[in-house]
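Reviewing the structure listed below.
Structural data, given as structure tokens:
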């Protein structure tokens with residue numbers, strides 16, 4: 401059995417009680433009291449890195465580059481960083497204890513991430529295990545995001561779960577309306593966050609989000625597009641379709657949305673409305689195993705099988721995918737066989 | 345299990361609900377070493393190793409995964425399906441290990457009994473002989489698991 405070591409923050413050899421200076425991207429310097437984790441002191445200065453584990457080096461999301469000496473990388477941190485990342489001075493911000501001046505590099509887009517206090521303005525059943533949560537922003541009162549991006553929702557402590565944590569969900573609303581966002585969430589068996597959302601979160605409750613994050617968004621190309629999604633993977637496409645309608649993007653788009661049963665389909669009326677208001681947009685629901693009494697006459701089988709049937713050559717297309725890793729992998733395999741190069745396939749894997 | 349192994353930090357992490365709801369040990373008051381030892385004794389009595397069990401679970405998951413949440417009949421007695429949700433989960437042991445949040449459900453048609461496991465369960469059993477503590481949401485009793493995934 402491998403030896404276990406207790407997780408602890410890396411420490412810098414240079415300890416001091418004077419304020420520590422953190423140089424950020426060579427463009428901004430903040431002064432902080434020594435002793436906190438780099439993740440927490442950055443958050444205190446409204447610089448929020450994604451983090452889903454409460455600073456335990458478990459999620460590996462809070463990566464950044466630390467150019468100055470930040471102490472050794474201990475095993476809990478090392479197991480989240482590849483050798484290449486370690487050689488490139490990548491660290492987990494939650495595991496770097498600020499006890500000396502530091503020089504760090506953060507992707508520029510993260511510098512615009514903010515935390516928002518919201519009120520849950522409504523909860524809507526979409527299917528037996530999917531709901532849409534309408535969140536009205538209060539402070540700050542507006543958020544700007546690129547359609548396709550995601551936010552992190554704060555899951556507070558609740559009976560049976562003692563610790564606050566954050567989970568990522570794609571924004572599923574019109575980017576032109578920046579005073580509120582919608583999230584589409586599918587229940588996970590015994591999931592910490594979805595148990596909170598489905599069993600405890602009520603209309604009128606206060607919630608916190610931070611973001612936006614992510615680089616899943618439409619390119620500037622004018623090529624035809626294929627959207628493929630399953631389950632709650634429909635969420636970013638709702639936002640993208642609003643955006644296409646808002647600015648009259650007329651690229652040819654086919655959106656294949658897979659569900660296991662007819663009862664698992666959702667947002668059909670909204671998708672038909674998009675068909676009427678977006679030029680060249682076609683919505684194609686695909687049901688793997690329609691209920692015998694459903695009267696389903698649409699596409700059947702796996703969504704990837706429908707792509708295989710319906711398209712012979714996708715050279716010249718772009719494909720945008722959102723769903724489970726299994727669906728994404730299967731879709732990429734089909735798209736590759738249809739002559740779509742890898743660099744034209746964009747995806748938001750549930751990972 | 346190595347008695348000299350200091351697993352106090354690991355055990356604390358496993359009891360914490362920070363990674364999975366209710367923690368990996370659930371309401372089980374037994375120390376980690378005893379949970380593992382007792383499950384290993386059960387397995388040995390049934391004639392299986394953790395690695396063989398994990399291999400079979402992985403085979404069933406691999407068969408179900410391409411079906412994208414639809415049922416797949418392995419044979420006349422057992423069918424399987426996978427569910428995947430957003431996110432990854434990490435192995436609580438101190439080594440690299442990130443797993444998709446994928447749940448495999450195996451249903452024995454002849455017994456009308458089902459059991460479910462995550463990709464992390466497969467790893468925990470195969471690499472750490474750990475079936476989780478009693479009362480945890482993804483505890484797998486070895487005898488129940490073997491009774492379902494290995495068909496006569």
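Residue numbers (the working numbering), protein chains in the order written: chain P, 401 to 751; chain B, 345 to 496. From the three backbone atoms N, C-alpha and C, an ideal C-beta is built for every residue, glycine too.
* Taking the continuous beta strand (DSSP E) assigned at residue 462/B, which residues delimit it? -> Position 118 of the second chain, counted from the start, is the residue given in the question as residue 462/B. Per DSSP, residue 462/B belongs to the beta strand (DSSP E) from 457–462.
* To do: With a threshold of 16 other CB atoms inside 10 Å of the CB of residue 475/B, please say whether the residue is buried or exposed.
  => The count along the second chain starts at 1 and reaches residue 475/B at position 131. So residue 475/B counts as buried.
* Is there a Cβ from chain P that is less than 8 angstroms from the Cβ of residue 347/B? -> To locate residue 347/B, count along the second chain from 1; it is residue 3. Its pLDDT being 44, under 50, residue 347/B is placed unreliably in this model, and the value from its coordinates should be taken loosely. With 8 angstroms as the cut-off, residue 347/B does not count as an interface residue toward chain P.
* Asked: When you check each C-beta in the segment 725–740 of chain P against every C-beta of chain C, which residues fall closer than 8 angstroms?
  -> Given the protein chain composition of this structure (P and B), no chain C is represented.
* Asked: Which residues in the same chain as residue 356/B place their Cβ atom closer than 7 angstroms to its Cβ, once the five residues preceding and following it in sequence are excluded?
  -> On the second chain, residue 356/B is found 12 positions in, with the first residue counted as 1. Counting only Cβ-Cβ distances below 7 angstroms, and skipping sequence neighbours, we find nothing.
* To do: Check the Cβ-Cβ distances between residue 563/P and every residue of chain B, and say whether any is below 8 angstroms.
  => As a first step, residue 563/P is located in the first chain; it is residue number 163 there, counting from the start. For residue 563/P, at least one C-beta of chain B is nearer than 8 angstroms to its own C-beta.
* Could you check what DSSP says for residue 383/B in three-state terms: helix, strand or coil? => For the purposes of this step, residue 383/B is identified with residue 39 of the second chain, where counting begins at 1. Helix, per DSSP.
* Check the Cβ of residue 483/B against every Cβ in chain P and list those closer than 7 angstroms, keeping chain order. => The count along the second chain starts at 1 and reaches residue 483/B at position 139. None at all; the shortest Cβ gap to chain P is about 11 angstroms.
* Got a sec: is the Cβ-Cβ distance from residue 678/P to anything in chain B below 8 angstroms? -> Residue mapping note: residue 678/P aligns to position 278 of the first chain, counting from 1. Answer no: the Cβ-Cβ gap between residue 678/P and chain B never drops below 8 angstroms.
* residue 531/P classed as buried or exposed, judged by whether at least 16 other C-beta atoms fall within 10 angstroms -> The residue you call residue 531/P lines up with position 131 of the first chain. Counting Cβ neighbours within 10 Å, residue 531/P comes out buried, since at least 16 surround it.
* **For residue 461/B and residue 545/P, the rounded distance between their alpha carbons** => Numbered from 1 along the first chain, position 145 holds the residue referred to as residue 545/P. Numbered from 1 along the second chain, position 117 holds the residue referred to as residue 461/B. Between residue 545/P and residue 461/B, the C-alpha separation is close to 37 angstroms.
* When the Cα atoms are used, what is the spatial distance from residue 401/B to residue 590/P? -> In the second chain, the residue the question calls residue 401/B occupies position 57. In the first chain, the residue the question calls residue 590/P occupies position 190. Using only the alpha carbons, I get a separation of about 20 angstroms.
* Asked: So is residue 464/B in contact with chain P if we call contact Cβ pairs under 8 angstroms?
  -> Sequence index remark: in the second chain, residue 464/B carries index 120 (1-based). Chain P has no Cβ within less than 8 angstroms of the Cβ of residue 464/B.
* To do: Look at the Cβ atom of residue 389/B, then the Cβ atom of residue 480/B, and state whether they are nearer than 8 angstroms.
  => Within the second chain, residue 389/B is the residue found at index 45, counting from 1. Within the second chain, residue 480/B is the residue found at index 136, counting from 1. No, they are not a contact pair.
* What are the boundary residues of the alpha helix (DSSP H) that residue 486/B is part of? -> Taking the second chain and counting its residues from 1, one reaches residue 486/B at position 142. It spans 486–493 - the alpha helix (DSSP H) in which residue 486/B sits, taken as one unbroken run.
* Asked: If you drop the 5 nearest sequence neighbours on each side, which residues of the same chain put their C-beta closer than 8 angstroms to that of residue 478/P?
  -> What you label residue 478/P is simply residue 78 of the first chain in a count that begins at 1. Contacts found: 486.
* **Residues near residue 691/P by beta carbon distance below 8 angstroms, same chain, minus five either side** => The count along the first chain starts at 1 and reaches residue 691/P at position 291. Here the set comprises 661, 662, 663.
* Let me know the secondary structure DSSP gives residue 393/B once reduced to three states. => Counting from 1 along the second chain, the entry for residue 393/B is found at position 49. Three-state DSSP puts residue 393/B in coil, outside helix and strand.
* Can you say whether residue 409/P is buried or exposed, counting buried as having 16 or more other CB atoms within 10 angstroms of its CB? => By 1-based counting over the first chain, the position of residue 409/P is 9. Because the pLDDT of residue 409/P is 38, which lies under 50, any placement of that residue in the model is unreliable, and the question is left without a value.
* Verify the CB distance criterion: does residue 459/B have a CB-CB separation below 8 angstroms to chain P? => Start at 1 with the first residue of the second chain, and residue 459/B comes out as number 115. Residue 459/B does not count as touching chain P.
* Whole-angstrom Cβ separation of residue 521/P and residue 535/P, contact assumed at under 8 angstroms? -> Within the first chain, the letter at position 121 stands for residue 521/P. Within the first chain, the letter at position 135 stands for residue 535/P. Yes, residue 521/P and residue 535/P are in contact; Cβ-Cβ is about 7 angstroms, under 8 angstroms.
* Where do the ends of the beta strand (DSSP E) carrying residue 685/P lie? -> Taking the first chain and counting its residues from 1, the one referred to as residue 685/P is at position 285. First-last of the beta strand (DSSP E) with residue 685/P: 681–687.
* Asked: Taking Cβ positions only, does residue 702/P come closer than 8 angstroms to chain B?
  -> Residue 702/P sits at position 302 when you count from the first residue of the first chain. Output row for residue 702/P: interface = yes.
* **According to DSSP, residues forming a beta bridge with residue 417/B** => In the second chain, residue 417/B corresponds to position 73, counting from 1. Bridge partners of residue 417/B: 423/B.
* Asked: Is the Cβ-Cβ distance between residue 734/P and residue 708/P less than 8 angstroms?
  -> Locating residue 734/P in the first chain gives position 334, counting from the first residue. Locating residue 708/P in the first chain gives position 308, counting from the first residue. Taking 8 angstroms as the Cβ cut-off, residue 734/P and residue 708/P qualify as a contacting pair.
* Asked: By a C-beta neighbour count over all protein chains shown, 10 Å radius and 16 as the cutoff for buried, is residue 495/P buried or exposed?
  -> As a first step, residue 495/P is located in the first chain; it is residue number 95 there, counting from the start. In the assembly as shown, residue 495/P is a buried residue. Its beta-carbon has 16 or more other beta-carbons within 10 Å.
* Asked: Would you report the Cα separation of residue 618/P and residue 747/P, rounded to the nearest angstrom?
  -> Looking up residue 618/P in the first chain gives position 218. Looking up residue 747/P in the first chain gives position 347. The straight-line gap separating the alpha-carbon atoms of residue 618/P and residue 747/P is approximately 11 angstroms.
* **Where residue 445/P falls, given that 16 or more other Cβ within 10 Å makes a residue buried** => Numbered from 1 along the first chain, position 45 holds the residue referred to as residue 445/P. Under this definition residue 445/P is an exposed residue.
* Asked: With DSSP run on the structure shown, which of helix, strand or coil describes residue 725/P?
  -> Residue numbering aside, residue 725/P sits at position 325 when the first chain is read from its first letter. In this structure, residue 725/P counts as helix in the three-state DSSP scheme.
* Quick one: using the 10 Å Cβ neighbour count with 16 as the cut-off for buried, is residue 466/B buried or exposed? => The count along the second chain starts at 1 and reaches residue 466/B at position 122. The residue in question, residue 466/B, is buried, as its Cβ has 16 or more Cβ neighbours within 10 Å.
* To do: Please classify residue 351/B: is it buried, with 16 or more other beta-carbons within 10 angstroms of its beta-carbon, or exposed?
  => As a first step, residue 351/B is located in the second chain; it is residue number 7 there, counting from the start. The residue in question, residue 351/B, is buried, as its Cβ has 16 or more Cβ neighbours within 10 Å.
* Look up residue 513/P in the DSSP assignment and say whether it is helix, strand or coil. => The residue you call residue 513/P lines up with position 113 of the first chain. It is coil, neither helix nor strand.
* To do: Answer yes if the segment 623–636 of chain P comes into contact with the segment 594–612 of chain P, meaning at least three C-beta pairs across the two stretches below 8 angstroms, and no otherwise.
  => No: the two stretches stay apart, fewer than three of their Cβ pairs being nearer than 8 angstroms.
* **Residue-level contact to chain P via CB, residue 439/B, 8 angstroms cutoff** => Within the second chain, the letter at position 95 stands for residue 439/B. Residue 439/B counts as touching chain P.
* **Element boundaries [beta strand (DSSP E), containing residue 485/P]** => The residue labelled residue 485/P in the question sits at position 85 within the first chain. That residue, residue 485/P, is in no beta strand (DSSP E); its alpha helix (DSSP H) goes 483–487.
* Asked: Got a sec: which bits of the segment 641–664 of chain P sit with their beta carbon under 8 angstroms from any beta carbon on chain B, in order along the chain?
  -> Those would be 658, 660, in chain order.
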